[in-house]
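Have a look at the structure below before the remarks.
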DNA sequence: TAGATTGTTAATCGATTAACAATC
DNA sequence: TAGATTGTTAATCGATTAACAATC
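Pasting the structure below:
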């Protein structure tokens, strides 16, 4: 039923994330006036093996010239298209705490076409104000706003204990992708894409790595 | 020379991150008065297979009772020890922009023993003020502060173009672990642990997944 | 042409999972 | 004891990498 006749190619989940790194590095190179780059040179810059880069790109097409490398502007254009960055993505943020506000102002989002259209919160002190032109609205207005503005992506920046609730509400209101900053594992139907950014987990991983060679563990990794 | 006679066990890099999820889930359970849990039940909560959980834990010891599951408080205690969370970690933040300040106030860090001791910036308007009791100091004072307070961990929250510079400085001043929020790949010597949190990459991955089944790509994943 | 570098194959390496004997 | 659930083995699955023929 849902499976098309078209051949499907699998690729590692890690590839999409790396494409994003390639895109960013190429953007910087374009800015510096570099117009051709080899997988070797790009790999050096990103600490990624050149064969990994070539393989990642090969899942999507032929972008290089043998003996020459990749045309920076051309590859940028293709990656922009592959990553879906050739359009504007209207986004809402739920949670107007320190983190929610910092995220709303994060310059990196706007640069990539992610445009924060509104921030939602329950705190009536904050509702009605705005942050750099982005209105803070009451969560009760969320459903209407999502439909009115055809929002598909949302960022959750509320405390852990409210996050699942917010996710359920967003799902019911038609959101298709969620970037979650709350430190919980969210549950949702399969048609909703959820990715989490975990601020503490990585710091904890660092703490682990700082501890382990100080003779604290029975068994040590390599 | 550096290799001890002790047997070394390898385990996946992903394991440490999952231990951190287990810890968090168990903490919440302890708070709710649950005192025993099976790998099956914990897995359901975290969308992780029970065999994965048992395997992860098995790298570090025997924590469960067959037929009974795991004692929540005991496992918490062991995980706290393994993750190095049984001590205080003094941390500094470099960059007093919106993100740096939000990070400095993030309640999740303090809860885990990560204590932000100071924020460093070059902006003389900000230097001398404080955020919730955390002083903002000039970067020139950083080296002295690091030595004086025996800081080993730092968080980078400066613009991409300054991040490598800051990392080099931190390394020279004796920092051993860096959590990087700047959207660049940092280079450093092997004895310095760097992990990055990338705010845009995940949003880009979501954008990709929202685009791909809209007939945009030649080759489609599964 | 000679040199460089891609795109792709095949081998290796690493991580997850099912299955089950051990045992509480 | 019977039932439940661990700890561990072995199979499977997935991702990375070296190597090289193709070709600019």
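Protein chains in written order, with the numbering used here: chain A, 1 to 222; chain B, 1001 to 1222.
The beta carbon of each residue, even a glycine, is placed where N, CA and C say it ideally should be.
Close beta carbons around residue i, own chain, < 8 Å, minus the five adjacent residues each side
| i | result |
| --- | --- |
| residue 1023 of chain B | 1076, 1079, 1080, 1083 and 1085 |
| residue 36 of chain A | 68, 69, 70, 71 and 72 |
| residue 1041 of chain B | 1069 |
| residue 127 of chain A | 121, 136, 137 and 138 |
| residue 11 of chain A | 56 and 59 |
| residue 1191 of chain B | 1176 |
Close-in-space but distant-in-sequence residues of the same chain around residue i (CB under 6 Å, 5 per side omitted)
| i | result |
| --- | --- |
| residue 129 of chain A | 136 |
| residue 39 of chain A | 50, 53 and 54 |
| residue 1115 of chain B | 1088 and 1090 |
| residue 48 of chain A | none |
| residue 196 of chain A | 180 |
| residue 95 of chain A | 157 and 158 |
| residue 1142 of chain B | 1120 |
| residue 1113 of chain B | 1085, 1088 and 1089 |
| residue 64 of chain A | 70 |
Where residue i sits in the DSSP three-state scheme
| i | result |
| --- | --- |
| residue 1087 of chain B | coil |
| residue 1025 of chain B | helix |
| residue 1018 of chain B | helix |
| residue 7 of chain A | Bear in mind that the predicted position of residue 7 of chain A carries a pLDDT of just 43, short of 50, making it unreliable; the figure below should be weighed with that in mind. Looking at residue 7 of chain A - three-state DSSP - the assignment turns out to be coil, as it is neither helix nor strand. |
| residue 1167 of chain B | helix |
| residue 112 of chain A | coil |
| residue 1186 of chain B | coil |
| residue 38 of chain A | coil |
| residue 1160 of chain B | helix |
| residue 1126 of chain B | coil |
| residue 31 of chain A | helix |
Contacts around residue i, its chain only, beta-carbon distance under 7 Å, and the 5 residues preceding and following it disregarded
| i | result |
| --- | --- |
| residue 1033 of chain B | none |
| residue 183 of chain A | 160, 198 and 200 |
| residue 253 of chain A | Outside the shown range of chain A, which is 1 to 222, sits residue 253 of chain A, and nothing can be said about it. |
| residue 131 of chain A | 101, 104, 105 and 119 |
| residue 15 of chain A | 56 and 59 |
| residue 1109 of chain B | 1116 |
| residue 1163 of chain B | 1156, 1180, 1182, 1184 and 1186 |
| residue 969 of chain B | What is shown of chain B runs 1001 to 1222, which leaves residue 969 of chain B out entirely. |
| residue 1046 of chain B | 1021 and 1025 |
| residue 152 of chain A | 175, 176 and 177 |
| residue 19 of chain A | 56, 79, 82 and 83 |
| residue 1188 of chain B | 1167, 1171 and 1194 |
| residue 27 of chain A | 76 |
| residue 99 of chain A | 157 and 181 |
| residue 134 of chain A | 104, 116, 118 and 119 |
| residue 1203 of chain B | none |
| residue 1097 of chain B | 1157 |
| residue 1154 of chain B | 1091, 1092, 1094, 1170, 1175 and 1178 |
| residue 1165 of chain B | none |
Start-to-end residues for the alpha helix (DSSP H) that takes in residue i
| i | result |
| --- | --- |
| residue 205 of chain A | 199-211 |
| residue 1142 of chain B | 1142-1148 |
| residue 1104 of chain B | 1098-1105 |
Contact test: residue i Cβ vs the ligand PLP heavy atom, cutoff 8 Å
| i | result |
| --- | --- |
| residue 92 of chain A | You won't find the ligand PLP in this model; it holds no ligand whatsoever. |
Beta strand (DSSP E) segment containing residue i, residue limits
| i | result |
| --- | --- |
| residue 1135 of chain B | 1134-1138 |
| residue 1194 of chain B | 1193-1196 |
| residue 178 of chain A | 177-180 |
Handout entry: 3 or more residues per run - each beta strand (DSSP E) lying fully within the region 46-81 of chain A
Key = 69-71
Handout entry: Any 3 or more C-beta pairs closer than 8 Å across the region 1166-1181 of chain B and the region 1134-1148 of chain B
Key = Contact between the region 1166-1181 of chain B and the region 1134-1148 of chain B is present, with at least three C-beta pairs closer than 8 Å.
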